[in-house]
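Numbering that gives the first Met the number 0 applies: residue 0 is where the sequence shown begins, and numbers increase by one. Below you'll find the structure, written out as structure tokens, and then a few comments.
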Amino acid sequence: MTTAHGTPSDPDHAAPRARRPGREPVTDETVARFRVQARTDPASGLPALAEALRDRAYGEPRPRPEEAVPFLEESAGIYRALVADGGTEHLGAAANALASLALKYSLAHADDLALAARQEAADLASRAEAARPVPDLGRAAVLRADLSHALAEAGRFDEAVDAARAVAARSRAVTEPGGSDLTWRLLDLTVLLRLADRTEEAVAAEHEALAWLREGRTEPDRSPVPALRTAGAALWFADLGDPGQAHHLLAEAARACERLPARGGRGNFGFLEGLRGALFARSGVRDEQAAADAPDPLALGVDPGRRLQPVLGLSLHHWSFSLRDSFQDGLVTLARAVEAVTGVPEPTDRLPDEDDLPEPTDGPPPLPDDRELLAALGTLTRRLDLRRAVLGEHPTSYARTALPRLRRSVRIERRLHATDPAADTRRLVRALTDLAMAQLVHGDHADATGTLHEALALAG
């Protein structure tokens with residue numbers, strides 16, 4: 000999710016629990032003192048106790064989610080009582096307490112409780128802003144975005160769409176032309192509409208996002224967001240069977256990329272990584288869904304009774320916690336299948352360190368000559384890398400470990416295309432576009448420009 004300025008915010012840090020200067024760490028003894036104060040002076044003591052309990056849940060060493068939940072449940076209970084009479088003074092704090100509780104429920108895989116807490120948090124924040132309006136996006140919209148993601152994870156896609164529409168409407172009202180927040184909200188809405196099988200509405204949201212991105216843009220535009228957004232949209236329109244629109248968007252992405260400096264910094268890096276991750280995963284939804292019904296070996300790592308549905312989520316990695324666990328399922332099976340073809344060990348952990356990656360060799364391992372086996376390898380590696388994209392928790396580390404794998408996908412698809420240049424080029428175009436998006440996020444603008452132009456030439 001993003002703040003009003005387009006920067007992703009982690010709910011674990013959305014209402015920071017870091018100790019303020021001059022304040023002692025909150026321990027069990029601290030909480031005990033506040034309990035005494037709450038009994039002797041409820042008016043001041045109860046709010047102080049609720050805050051202390053929340054601080055205790057985020058103390059150092061940080062408790063495990065299941066250990067933090069009782070502190071947050073008690074804190075939420077106090078705040079519920081404080082706002083039950085219709086008072087507004089504690090509504091904001093109550094919303095934050097419920098949001099924190101929802102996060103810990105999610106981390107503890109208590110998904111139903113997490114969903115209910117997210118609904119309550121969003122409603123409390125809406126009450127707070129009705130009493131005291133804010134000029135920017137506001138906490139209520141941010142919490143409702145969280146709710147939409149949780150609803151989608153629960154399979155309640157139409158309700159998720161309604162929540163996401165409300166967030167987009169609020170962002171539309173407060174985001175300056177060309178601002179990145181509405182771009183993100185509309186991408187979010189597009190993904191949820193796709194999951195709800197509401198394709199026409201998703202296309203409309205996509206077009207609005209692209210139009211908004213172009214509006215108010217100044218030249219030269221030194222942000223990679225336009226190139227990222229249009230490249231990702233090109234992938235989707237190609238999947239929808241609209242190659243003309245896909246080609247147009249690829250050309251637009253290449254032009255936007257040309258205006259960037261050869262090497263970029265890490266400004267607003269979290270937003271860019273989130274945007275790239277969402278687009279990358281969106282382009283892979285079709286692969287995962289098709290694989291559930293495919294014959295072996297392409298169904299490897301897929302449980303037909305448990306479809307993997309990428310949903311924008313909760314932290315800098317933008318994925319819901321339970322979904323991250325479901326994406327872990329089958330990862331080893333996929334890795335072993337790739338190993339069987341390439342003869343090179345594949346790391347199977349969520350985010351391997353550099354030390355865990357295969358040792359460099361004099362050159363890349365040989366690829367199979369058989370076209371059918373090459374195609375299967377390309378599909379398997381793409382699905383494996385999509386899952387790793389979902390499982391990665393640290394954008395800077397992911398960029399370091401992702402780029403070599405995406406280059407590998409391009410190498411495989413180039414080899415496949417070379418076996419029959421007259422065949423459909425969409426696979427290679429898609430692999431090149433995925434690589435270009437990762438290069439943009441990593442600041443490799445010159446490389447991304449070349450990659451996009453190669454994709455554009457093939458798509459033409």
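Where a beta carbon is used, it is the ideal one built from N, C-alpha and C, also for glycine.
Considering only Leu405, Thr347, Arg414, Glu345, the residue with the shortest C-alpha distance to Leu372 is Arg414.
For Ser99, the enclosing alpha helix (DSSP H) starts and ends at 90-106. For Ala94 and Pro62, the gap between their C-alpha atoms comes out near 21 angstroms. Runs of the alpha helix (DSSP H) spanning 4 or more residues and lying entirely within the stretch 153-227 occur at 156-173, 179-194, 198-213, in chain order.
By the C-beta density criterion, Gly91 is buried, having at least 16 other C-beta atoms within 10 angstroms. Looking at the backbone, the Cα of Ala115 and that of Ala250 are separated by about 45 angstroms. Scanning the stretch 371-434 from its first residue to its last, the whole alpha helix (DSSP H) runs of 4-plus residues come out as 394-418. Secondary structure at Ala51: helix, using DSSP grouped into helix, strand and coil.
Judged by their CB atoms, Arg197 and Val141 are not nearer to each other than the 8 angstroms cut-off. Rounded to whole angstroms, the Cβ separation of Ala253 and His452 is 5 angstroms, and the two are in contact under 8 angstroms.
When only Cα atoms are considered, Leu102 and Trp211 end up about 32 angstroms apart. Annotation for Glu23: no alpha helix (DSSP H) segment contains it, and DSSP assigns it neither H nor E. Distance from the Cα of Ala31 is smallest, within the candidate group Asp40, Pro41, Ala51, Ser147, for Ala51. Three or more beta-carbon pairs separated by less than 8 angstroms are not found between the stretch 401-414 and the stretch 189-206, which leaves the two stretches without contact. Cβ neighbours of Ser74 within its own chain (closer than 7 angstroms, five residues either side excluded): Ala49, Leu52, Arg53, Ala96.
Taking Phe33 as the centre and dropping the five residues before and after it, the same chain places the C-beta of Gly44, Ala47, Leu48, Ala51 closer than 7 angstroms to its C-beta, in chain order. Below 8 angstroms, too few C-beta pairs join the stretch 415-425 and the stretch 198-209 to call them touching: fewer than three. When the beta-carbon positions are compared, Arg164 and Leu188 come within less than 8 angstroms of each other. In the same chain as Arg38, and ignoring 5 residues on each side of it, the C-beta atoms closer than 8 angstroms to its own belong to Gly44, in chain order. For Asp122, the enclosing alpha helix (DSSP H) has its first and last residue at 110-130. By the Cβ neighbour-count rule, Pro176 is exposed, with fewer than 16 other Cβ atoms within 10 Å of its own.
Apart from sequence neighbours up to five positions away, the residues of its chain that approach Arg55 with a beta-carbon distance below 7 angstroms are Val25, Val30, Phe70, ordered along the chain. Counting only residues of its own chain and dropping the five nearest sequence neighbours on each side, Ala226 has a CB closer than 6 angstroms to the CB of Ala252, Ala255, Cys256, Leu439. Relative to the Cα of Arg410, the nearest Cα in the group Ala374, Ile77, Ala172, His89 belongs to Ala374. The alpha-carbon of Arg228 is positioned some 21 angstroms away from that of Asp286.
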